[in-house]
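Protein chains in written order, with the numbering used here: chain A, -15 to 434; chain B, -15 to 434. Think of the CB as a built atom: it goes at the ideal place given N, C-alpha and C, for glycine as much as any other residue. Fair warning: this is a prediction, and the values are worked out from it, not measured in the lab. Below is one structure, written out as structure tokens, with a few remarks after it.
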């Protein structure tokens, strides 16, 4: 079946990027200098902040960007492009300068996450892929960070692969969930590719495939004598807990220990209390309780409030498909060209002109506010965008997902308490201002159109 | 960057599938006969029916399923699997029989879409990928079919790539949208891979990159003298329409015609009326109006009701990310093994036992009701599942996406009118019954556990 890979990724492009490129070339402006920026227009409902993710993949994409022979052949077959244009496209690499925030950085609406500066044609044509990669992963990492706020120190695993939107979302979603604070993933491929710890035990089908729960638990624990987690809700959860405890007692004589039991349905708070009681009464307070089954940050917060004795969570669909905010309004717009700063004034879709920087202010270990500024302004605070590519060459080697996760955890620690609310909008929201110079530039650009 | 491809797809698997497989093998039951079925538990809110899609990819996946050396090496590195088990996995191909509904088939909750029958280990291990592929594509095709019900005979293009959940969702989402009734896609890669017509014109950045809208329109139309579509809302839509009309008049003397204008923001109904007036007054009733910008089936239905003179729609985020139903509750469960029919009785997650078939009844050219039956029952109506793989070999060659789209369009035509409502739940919903034999089997299986 067809797949997107490094060699076909440049074709993950909307046709209009190619028609515009052809026109730019015919007009002789394809190599004119231009700058585009990528940002999220505004925070989705139910989000007080976002977590940048997928920047690493954006850079990888730009690093290997090219139209291979298959791509050129297909574009030729459309019979609408000048052969000379297609020839030039066939030989083209990516030569732009790129600045970006780092994966795991906490960001807000209107703040540029990536700036691409270089020949108009190239800077334009990479739009679709950058939006696709950064929008999705930022969405998932942002949701995962909310789950992290709910779980606190209790670990949670990404279980999202099966409900992710196609294969790449399972893989990149596992990465973004880890960046956003997940402890592990169920997805084997993500473990291999990113070094994320993998976790997982048994499905209901395993229990069903045996004569009884007892047979299933005994067989499984003998296979994994140190870390078996037994799924106890296939028939009746309390019965399952009693059987798990008996099995643990039986197997102790063989030197086998049961690591945990998993609850995947029903009223998890009351079941966790009941199961904890059954295990403890049987002398098995060493057996942990894992919970899964339609969990999100709200149900986890409720379980925490109820004092449910749960030692680890599995979170799937709600996080990987970001059910309560299944897209972010990410855009990639021309902000500067040979004429100077540019902006769009469409109703409700107005943009900020010119190449920009974001300065983040901190006091007492907490973020106190951001200022979106003209790129070369010198303002107090830490600039969030740094150069990541020069002339199409990567500036630094890729970093590990653990580094990005560490950055996010540091960011969460520095976030004002009000911003950490998961039960509603922060009031006041995080302050993001526009610098005086940017405001003046905006007036100038609007004025020049009148 | 890492990608899922045919060679890594078997690793798109939750770790627990591998641990279960290892246990099955150690217990000597890995080759025992088993049957698993995939279905959607219940329709999402806002859906009166679903459209099966992604079955083609499921079959492709099963056809090429294997763990390559990289996969085996990684599993070895986890230090929890028996080397003999991993060796057997390395040499394993897929040997099961598979039955499935065809892509583009209208389906309902609880109806099996795929049945995999064969060695327990294999039939179990393919779970994650099948859920991922069929769940996502069925979700998108089902949403697209609603858009199709709203647009009627007016064509609509898939614009979803940029907001799709990572790269594979853009590609497979374009396919599913086409199966669900879209006319074309903006995604170049989907055009190449599936032969879907591609469409697309210019972005706001193209207009911004010129001194004026007039310059942009003139330059673009000269490049695409037969089919230029001009985006007229970068600054002011009515002004844009006037400029487009003037450009059309100017270029007519050069033998160049403007195919259309596109509106992408604002009140599309009133703007379409206004723009139509401007174009017609200027003698350009041949110029079509395209509309895009956050559209879904509801806003399109409203535009239709308002008599908005729109000749084609572009639909993006709402369809590809299926915003109002961003996942379907798709599951893959053991239904039969060496002990006979199996079912799960967890609270709220009870399943139907045994291998099943669905019979669809029709009268007067309309579907009248489905019956979920025991697999080998002989009932009136058309069976929806047919064999697609025998002993791991594909039975028929892949079909084109056009064939699947045709099946969906025929299905929509045969759907009872009440089911075609997009403004609320069908009342009554489509009748899906359980056969007497299946009901009896269910009682027997539940009874045998008491």
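- Interfacial residues, the segment 55 to 80 of chain B to chain A, with Cβ spacing under 9 Å: Within the segment 55 to 80 of chain B, the qualifying residues are 55, 57, 58, 59, 61, 62, 64, 66.
- Query: Looking at the C-beta of residue 37 of chain B, does it have a partner C-beta in chain A at a distance below 8 Å?
  - Reply: no
- Query: Using a C-beta to C-beta distance shorter than 8 Å, which residues of chain C count as neighbours of residue 402 of chain B?
  - Reply: Among the protein chains in the structure shown, which are A and B, there is no chain C.
- Give the C-beta separation of residue 152 of chain B and residue 153 of chain A to the nearest angstrom, bearing in mind that I take them to be a contact with Cβ-Cβ under 8 Å. 7 Å
- Residue from A:380, A:41, A:362 whose Cα sits closest to the Cα of residue 420 of chain A: A:362
- Message: Less than 8 Å between the C-beta atoms of residue 273 of chain A and residue 295 of chain A, yes or no?
- Response: yes
- Counting only runs that start and end within the segment 310 to 337 of chain B, where is the beta strand (DSSP E) found for 3 or more residues in a row? Here the runs fully enclosed are 314 to 321.
- Does the beta-carbon distance from residue 389 of chain B to residue 165 of chain B come in below 8 Å? Going by C-beta atoms, residue 389 of chain B is nearer than 8 Å to residue 165 of chain B.
- Let me know if residue 29 of chain A comes out buried or exposed under the rule of 16 or more other beta-carbons within 10 Å of its beta-carbon. exposed
- Sequence-distant residues of its chain with Cβ nearer than 8 Å to residue -7 of chain B (five each side left out): 45, 48, 49, 113.
- Are any of the Cβ atoms in chain A nearer than 8 Å to that of residue 273 of chain B? With a threshold of 8 Å between beta carbons, residue 273 of chain B makes no contact with chain A.
- Item | Counted within 10 angstroms of its Cβ, other Cβ atoms place residue 218 of chain B as buried (16 or more) or exposed | buried
- Item | Buried/exposed call for residue -12 of chain B, threshold 16 Cβ in 10 Å | buried
- Return the Cβ separation of residue 439 of chain A and residue 34 of chain A in integer angstroms, given the expectation that the two are a contact with Cβ distance under 8 Å. The requested residue 439 of chain A does not occur in the structure, where chain A is confined to residues -15 to 434.
- Query: Could one say the Cβ of residue 307 of chain A lies closer than 8 Å to chain B's Cβ atoms, at least one of them?
  - Reply: Taking Cβ atoms only, chain B reaches closer than 8 Å to residue 307 of chain A, which makes this a yes.
- Message: Give me the chain A residues within the contact set of residue 207 of chain B, using Cβ-Cβ distance strictly less than 7 Å, ordered along the chain.
- Response: The CB of residue 207 of chain B comes closer than 7 Å to the CB of 6, 7, 10 in chain A, given here in chain order.
- Item | Per-residue burial, residue 144 of chain B [other beta carbons within 10 Å of its own, 16 or more giving buried] | By the neighbour-count criterion, in which 16 or more other beta carbons inside 10 Å mark a residue as buried, residue 144 of chain B falls on the buried side.
- Would you mind working out which of B:291, B:290, B:225 sits nearest residue 268 of chain B, comparing C-alpha positions? B:225
- Classify residue 453 of chain A as helix, strand or coil using the three-state DSSP reduction. Examination of residue 453 of chain A is not possible in this model, given that chain A is present from -15 through 434 alone.
- Query: In whole angstroms, what separates the C-alpha of residue 348 of chain A from that of residue 328 of chain B?
  - Reply: 54 Å
- Leaving out five residues before and five after residue 16 of chain A in sequence, what residues of the same chain have Cβ atoms less than 6 Å from its Cβ? 104, 322
- Message: Tell me which residues of the segment 361 to 373 of chain A have at least one Cβ-Cβ distance to chain B shorter than 9 Å, keeping chain order.
- Response: Listed by position, the residues of the segment 361 to 373 of chain A near chain B (Cβ gap below 9 Å) amount to none.
- Compute the Euclidean distance between the alpha carbons of residue 246 of chain A and residue 378 of chain B, then round it to the nearest angstrom. 38 Å
- Query: Using a C-beta to C-beta distance shorter than 7 Å, which residues of chain B count as neighbours of residue 2 of chain A?
  - Reply: 172
- Task: Output yes if chain A places a C-beta closer than 8 Å to the C-beta of residue 443 of chain B; else output no.
- Result: The question about residue 443 of chain B has no answer, for chain B in this structure spans -15 to 434.
- Message: Measuring only the C-alpha atoms, how far is residue 414 of chain A from residue 424 of chain A?
- Response: 23 Å
- Do the segment -4 to 10 of chain B and the segment 156 to 173 of chain A make contact, defined as three or more Cβ pairs closer than 8 Å? Three or more beta-carbon pairs drawn from the segment -4 to 10 of chain B and the segment 156 to 173 of chain A are found closer than 8 Å, and the two stretches are therefore classed as touching.
- With 8 Å as the threshold, decide whether the Cβ of residue 146 of chain B is near any Cβ in chain A. yes
- Query: If we count Cβ pairs, one from each stretch, closer than 8 Å, do we get three or more for the segment 226 to 246 of chain B versus the segment 77 to 90 of chain B?
  - Reply: no
- Item | Reduced DSSP secondary structure (H/G/I, E/B, other) of residue 341 of chain B | Strand.
- Message: DSSP three-state label for residue 275 of chain A, please.
- Response: strand
- Where residue 179 of chain A falls, given that 16 or more other Cβ within 10 Å makes a residue buried: exposed
- Message: With H, G and I counted as helix, E and B as strand and the rest as coil, what does DSSP make of residue 347 of chain B?
- Response: strand
- Query: Which residues in the same chain have their Cβ closer than 8 Å to the Cβ of residue 271 of chain B, if we skip the five residues on either side of it in sequence?
  - Reply: 228, 229, 232, 242, 243, 244, 245, 263
- Task: Say whether chain B places a C-beta atom closer than 8 Å to the C-beta of residue 44 of chain A.
- Result: yes
- Query: Taking just the CA atoms, how far does residue 199 of chain A sit from residue 238 of chain A?
  - Reply: A direct Cα-to-Cα measurement between residue 238 of chain A and residue 199 of chain A gives close to 16 Å.
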